[in-house]
Amino acid sequence: MNGNVVHFEVPAKDLKRAKAFYSDVFGWKMTDIPEMNYTMVGTTASDRNGRPKEPGSINGGMTKKAHPVESPIITIQVDDIDSSLKDVEKKGGKTVVKKTSMGENGFFGYFKDTEGNMMGLFQAP
Numbered sequence: 000m001n002g003n004v005v006h007f008e009v010p011a012k013d014l015k016r017a018k019a020f021y022s023d024v025f026g027w028k029m030t031d032i033p034e035m036n037y038t039m040v041g042t043t044a045s046d047r048n049g050r051p052k053e054p055g056s057i058n059g060g061m062t063k064k065a066h067p068v069e070s071p072i073i074t075i076q077v078d079d080i081d082s083s084l085k086d087v088e089k090k091g092g093k094t095v096v097k098k099t100s101m102g103e104n105g106f107f108g109y110f111k112d113t114e115g116n117m118m119g120l121f122q123a124p
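When the letters of the sequence shown are read in order and numbered with numbering that gives the first Met the number 0, they come out as residues 0 to 124.
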């Protein structure tokens, strides 16, 4: 199991306003993906695969605030989302979104931890 934090998501009521805020204040680069109703957020220089060049840095995304993404989410990379979600449930957490395909980009899922925090999971293709 990897366990590294690899992505974050920021939900926004007003995407235009939120994108402008984070771009202006922190210099983050926004790349809209209209077919997914999603915006990729670049916080640091990335390689051709979109992975940060600087160790310890992560990039993220921005989406319209809606259930289940109603607060910022930290995403953790794992080898097997199905197995990780079983472990989450065994330890008192709850699956919110089961393993979901992102096409050639891998898979994601969401869970709530024992404290009610929503977290994300990422499995590489």
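From the three backbone atoms N, C-alpha and C, an ideal C-beta is built for every residue, glycine too.
- Check the Cα spacing between I72 and each of G2, M35, F7, N1: the tightest is with F7.
- For I75, the uninterrupted beta strand (DSSP E) run begins and ends at 72-76, by DSSP.
- Around the C-beta of V24, fewer than 16 other C-beta atoms lie within 10 Å, and the residue is accordingly described as exposed.
- Membership of K28 in the beta strand (DSSP E) is indicated by the continuous run 28-32.
- Runs of beta strand (DSSP E) with 3 or more residues, each lying fully within the region 8-68, are found at 28-32, 37-41, 58-63, listed in chain order.
- Looking at the DSSP output, V96 sits in a beta bridge with Y109.
- Annotation: the continuous alpha helix (DSSP H) that includes D86 extends over 80-89.
- Across the set K111, T62, P51, the C-alpha of K111 shows the shortest separation from the C-alpha of D86.
- The Cβ-Cβ distance between I32 and T42 does not fall below 8 Å.
- Look at G102 here: in three-state DSSP terms it is helix.
- With 16 or more other CB atoms across the displayed protein chains lying within 10 angstroms of its CB, T38 is buried.
- Distances from the alpha-carbon of F121 to those of V77, N48, E103 put V77 closest.
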